[in-house]
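Per our numbering, residue 322 is the first one in the sequence shown, and the count goes up by one each step. Every residue, glycine too, gets a C-beta built ideally from N, C-alpha and C. As the structure is a computational prediction, the values presented were derived from the model and not from experiment.
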Amino acid sequence: MSEIKHGRGYVYAIQYHIVWCVKYRHKILVEEIDVRLKEILVQIA
322 MSEIKHGRGY VYAIQYHIVW CVKYRHKILV EEIDVRLKEI LVQIA
């Protein structure tokens, strides 16, 4: 179980950190891919 951190005005327990790294800074999250990925992340968050 993760440790719950809290302070004035916030409470959180971060368990994952996602980093998007693409070679040569090409945009890969465009149009429908971007929209669908956001839907999935909101759904599981």
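Residue range of the unbroken beta strand (DSSP E) whose run includes residue i
i: Lys348; result: Here Lys348 belongs to no beta strand (DSSP E), and DSSP marks it neither H nor E.
i: Val337; result: Before going on, a small fix: residue 337 reads as Tyr here, not Val. Unbroken run through Tyr337: none, as it is neither H nor E.
i: Gly374; result: Summary: the structure shown does not reach residue 374, with the chain confined to residues 322 through 366, and so no result is reported for it.
Alpha-carbon spacing of residue i relative to residue j, whole angstroms
i: Gln336; j: Ile365; result: 13 Å
i: Glu324; j: Tyr331; result: 14 Å
i: Lys326; j: Tyr333; result: 5 Å
i: Asp355; j: Arg329; result: 34 Å
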